[in-house]
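Undergrad: Have a look at this one before I ask anything.
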Amino acid sequence: MRTLTEDQIAIGTVLPDLVIPLTPTMIISTALATMDFTAVHHDVEGARAQGSKDIFLNILTTMGLVERYVTDWAGPGALIRGINVRLGVPAYAGDTLTFTGTVVGHENGEFTVEVRGEVSLGDHATGTVRFSPPGE
Amino acid sequence: MTVTTDAALHERLMALAERRIAAGEVPGPAAADPVNLPMIRHWTDAMGDANPVYTDPEAAAASPHGGIVAPPAMIQVWTMPGVNRKAGQRPTPVDDVLAMLNDEGGYTGVVATNCEQTYHRYVRPGERLFPATRLTGLAGPKRTALGEGYFVTWNVTWYSGDEAVAEMLFRVLKFRPRKPEGPVGDGNAQDGAGREDTRDRTGENAQDGAGENGRDRTRGRAPYPLRPAINGDTAFFWEGVARGELRIQRCGSCGELRHPPGPMCPSCRSTDRGYVVASGEGEVFSYVVHHNPPVPGRRTPFVVAVVQLPEGVRIVGNVVDCAPSEVGIGMPLRVTYRQMDDELTLPLWAPREA
Chain R
1 MRTLTEDQIA IGTVLPDLVI PLTPTMIIST ALATMDFTAV HHDVEGARAQ
51 GSKDIFLNIL TTMGLVERYV TDWAGPGALI RGINVRLGVP AYAGDTLTFT
101 GTVVGHENGE FTVEVRGEVS LGDHATGTVR FSPPGE
Chain D
1 MTVTTDAALH ERLMALAERR IAAGEVPGPA AADPVNLPMI RHWTDAMGDA
51 NPVYTDPEAA AASPHGGIVA PPAMIQVWTM PGVNRKAGQR PTPVDDVLAM
101 LNDEGGYTGV VATNCEQTYH RYVRPGERLF PATRLTGLAG PKRTALGEGY
151 FVTWNVTWYS GDEAVAEMLF RVLKFRPRKP EGPVGDGNAQ DGAGREDTRD
201 RTGENAQDGA GENGRDRTRG RAPYPLRPAI NGDTAFFWEG VARGELRIQR
251 CGSCGELRHP PGPMCPSCRS TDRGYVVASG EGEVFSYVVH HNPPVPGRRT
301 PFVVAVVQLP EGVRIVGNVV DCAPSEVGIG MPLRVTYRQM DDELTLPLWA
351 PREA
């Protein structure tokens, strides 16, 4: 697996899309792997009883997927420095989460990628990821 | 829920928040387990994250890390409370602020709006982390798309020994759900207890709401620009709305229901009149989606429907809590009462599960 070097990345570089089908298995397995046992992330009846239309992705998973989106592209040697997410509409089971991103900043060897995770209802998460290519 | 009691509550909230902010960082219980490969493997497997520095010792050794590291975004996972371990948890400086908003203010709804993590370094298997939480902000009351609420912000720092390895800023909106009676969708999906992940979305974007409608409310709500015509014929209807009743005029002589209200029965010409309280259910008889022109106090597009009541009359009202594209003729509805400002409540219509 290659890791992008500083000279291979520029402001304006567009990341390839990442499309994640939000199967119930995806929602539930990630909720449990993030140790989040809140009913709305694994119990359809429980989620509906609380006013949601279905189970939905938990925030710890949103953070994990945003991170994965950037390292899938930048490579395993990229060092993630920070993730800043504004949370939007819920990502319900049965929906599809599509990540898009663009490099928007480059300072002192650190890049900033603007990331958008969209579902059918709109923006699920928008924000930025800061990372450094290796060797800095 | 008068302005006076809100003001008193606001003062007590702010005083409590000030004390908690001043108290600074409060350590929480250490992670149940040190950073470990099995939990990393479960996490990367579920996430579909194939980065080998997290799980493959050889690839990790050859990487800039020189060995296995945990995914940075797993930081919060290490100190999550588990299914039945919650009981022994120490209170954080956030708990009683959320509790006061919830229990005394009626701000029972909660949505998370921001999660911001900074990783000072990668953590490795064997490190035992512990979190420390500090309250950093309480702002409100604000008007948002979800209802009036307060933004509560706290920071968690994770330590390995004395070293801070990562930090998180987390912000939630605690809001008063707009539907006082709704059996579903009252926004109270997760209370403060679920604070490790306190998001429930009712299809609206809290950020948008805060940005577009956010307004300091301490001096009373801005009056809604559209007022109903209340007179001797219609006063009973608006008195009903104020009590959460949908009142339909009934002829005192022949018993026929009529809406909108008027002075005389169109069937028997009697001026003797009373009312009945409708069930609050209805369905879309006809509707339009209003895009233009702009209407003061409203965001376009919005839906204006003629609602057929099972009692036999039709009533005009807005359909809310769903996208205009979801509205259709025959759609089952339930009345919901929205406080538009300090004085005016309007009966609106929300989708009802068939």
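Sequence lines, in order, name chains R and D. Note that UniProt numbering has the first sequence beginning at 1, numbered continuously upward. Note that UniProt numbering has the second sequence beginning at 1, numbered continuously upward. Where a beta carbon is used, it is the ideal one built from N, C-alpha and C, also for glycine.
Is the CB of L22(R) under 7 Å away from at least one CB in chain D?
TA: Taking Cβ atoms only, chain D never reaches closer than 7 Å to L22(R), which makes this a no.
Undergrad: Could you name the residues of chain R that G82(D) contacts, counting a contact when the two beta carbons are closer than 9 Å?
TA: What G82(D) touches in chain R: M35, F37.
Undergrad: Among the candidates V303(D), P324(D), M331(D), whose CA atom is the shortest distance from the CA of N318(D)?
TA: Per the Cα distances, V303(D).
Undergrad: Classify G109(R) as helix, strand or coil using the three-state DSSP reduction.
TA: In the structure shown, G109(R) sits in coil (DSSP, three-state: anything other than H, G, I, E or B).
Undergrad: Can you tell me the Cα-Cα spacing of W43(D) and L57(R), whole angstroms?
TA: One C-alpha to the other measures close to 14 Å.
Undergrad: Compute the beta-carbon to beta-carbon distance between L60(R) and D43(R), rounded to the nearest angstrom, for a pair I have assumed lies under 8 Å.
TA: So it is not a contact: roughly 17 Å between Cβ atoms.
Undergrad: How long is the line joining the alpha carbons of E118(R) and P263(D), rounded to whole angstroms?
TA: Roughly 54 Å separates the two Cα atoms.
Undergrad: In chain R, which residues lie with their C-beta within 8 Å of the C-beta of M47(D)?
TA: Chain R residues near M47(D): T30, A33, T61, G64, L65, R68.
Undergrad: Whose C-beta lies closer than 7 Å to the C-beta of D233(D) among residues of the same chain, with five residues either side of it excluded?
TA: The answer, listed in chain order, is P261, G262, P263.
Undergrad: With a Cβ-Cβ cutoff of 7 Å, do V115(R) and V103(R) count as a contact?
TA: For V115(R) and V103(R), no; Cβs fall outside 7 Å.
Undergrad: Quick one: give me the first and last residue of the beta strand (DSSP E) that E57(D) is part of.
TA: At residue 57(D) the sequence reads Pro, which differs from the Glu that was named. First-last for P57(D): 57-62, but that is the alpha helix (DSSP H), not the beta strand (DSSP E).
Undergrad: Work out the CA separation of I55(R) and E45(R) for me, nearest whole Å.
TA: The straight-line gap from Cα to Cα measures roughly 9 Å.
Undergrad: Which residues in chain D sit within 7 Å of I80(R), going by Cβ to Cβ distance?
TA: Result: P72, Y119.
Undergrad: Could you name the residues of the region 150-182 of chain D whose beta carbon sits closer than 7 Å to any beta carbon of chain R, in the order they occur along the chain?
TA: Within the region 150-182 of chain D, no residue has a Cβ that lies closer than 7 Å to any Cβ of chain R.
Undergrad: Please classify S286(D): does DSSP put it in a helix, a strand, or coil?
TA: Strand, per DSSP.
Undergrad: Per DSSP, R149(D) is paired with what?
TA: In the sequence as displayed, the identity of residue 149(D) is Gly instead of Arg. G149(D) pairs with K142(D), F175(D).
Undergrad: With H, G and I counted as helix, E and B as strand and the rest as coil, what does DSSP make of T25(R)?
TA: Three-state DSSP puts T25(R) in a helix.
Undergrad: Could you compute how far the alpha carbon of V129(R) sits from the alpha carbon of A73(D)?
TA: Going by the C-alpha atoms only, they are around 11 Å apart.
Undergrad: Is W158(D) closer than 7 Å to V165(D) when the C-beta atoms are compared?
TA: Yes, the pair counts as a contact, with Cβ atoms nearer than the cut-off.
Undergrad: I'd like the ranges of any beta strand (DSSP E) spanning at least 3 consecutive residues and lying wholly in the region 44-97 of chain R.
TA: Counting whole runs of 3 or more residues, the region 44-97 of chain R contains the beta strand (DSSP E) stretches 79-87.
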